[in-house]
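In the working numbering, the protein residues as written are 632 to 820. Glycine is no exception: its CB is placed at the ideal position from the N, C-alpha and C atoms. In what follows, a single structure is set out as structure tokens and then discussed.
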């Protein structure tokens, strides 16, 4: 699948994703899933969930990490470059245009209204991303594994959101707890 047409399709797909990814990585997950799983079938549902986990765990924005991997999977190194460049071009030009116009329109009621509307969409898209990931995580778990996963998720949420624990420490502690539970055989039940 490393022909010029496919390479162009990868570029256009990630240009489109980059053009609508207001709100950052989590808000773009439903759009990314639709394009690469549903529309183009470049990844399976399971591969997509693995991609999100890896893209969240590695340094850098989820959008670029995802684009780099998917581009490489579909078209090799050129696909990786094409997808990565395509996903950052729209936000780059939007930021450039906004920076130039910011002084003039900063207090404009209509501009603020548009941005407030976009905020609502971001919350909705991030919620869809959360539900997608949660459904994928719990799909094949047995009862005690699901309970343990839920407890780890709640503890991690509270640690980071309420007690301002560094997310890296929360992830490391969750990994350690997962290992302990694995040694105890919880993940098999």
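8 angstroms contact criterion, which residue i and residue j should meet: CB distance rounded
| i | j | result |
| --- | --- | --- |
| residue 768 | residue 787 | In fact, because the Cβ distance is near 13 angstroms, the residues do not count as touching under 8 angstroms. |
| residue 686 | residue 697 | 5 angstroms |
| residue 660 | residue 760 | 4 angstroms |
| residue 817 | residue 772 | Their Cβ separation, rounded to whole angstroms, is 11 angstroms, which puts residue 817 and residue 772 out of contact at 8 angstroms. |
Limits of the alpha helix (DSSP H) - the one that residue i falls within
| i | result |
| --- | --- |
| residue 674 | Neither: residue 674 is in no alpha helix (DSSP H) and is coded neither H nor E. |
| residue 753 | 740-769 |
| residue 692 | Careful: residue 692 lies outside any alpha helix (DSSP H) and carries neither H nor E. |
| residue 635 | 635-650 |
Where residue i sits in the DSSP three-state scheme
| i | result |
| --- | --- |
| residue 735 | helix |
| residue 797 | coil |
| residue 775 | helix |
| residue 803 | helix |
Nearest candidate by alpha-carbon position, reference residue i, set the options
| i | options | result |
| --- | --- | --- |
| residue 676 | 690, 766, 799, 717 | 766 |
| residue 755 | 652, 813, 671 | 652 |
| residue 763 | 692, 704, 782, 664 | 664 |
| residue 688 | 751, 802, 701 | 802 |
| residue 712 | 789, 817, 639, 816 | 639 |
| residue 647 | 692, 704, 666, 658 | 666 |
Nearest-angstrom Cα separation, counted from residue j out to residue i
| i | j | result |
| --- | --- | --- |
| residue 798 | residue 643 | 34 angstroms |
| residue 717 | residue 649 | 7 angstroms |
| residue 726 | residue 732 | 10 angstroms |
| residue 674 | residue 795 | 35 angstroms |
| residue 808 | residue 778 | 13 angstroms |
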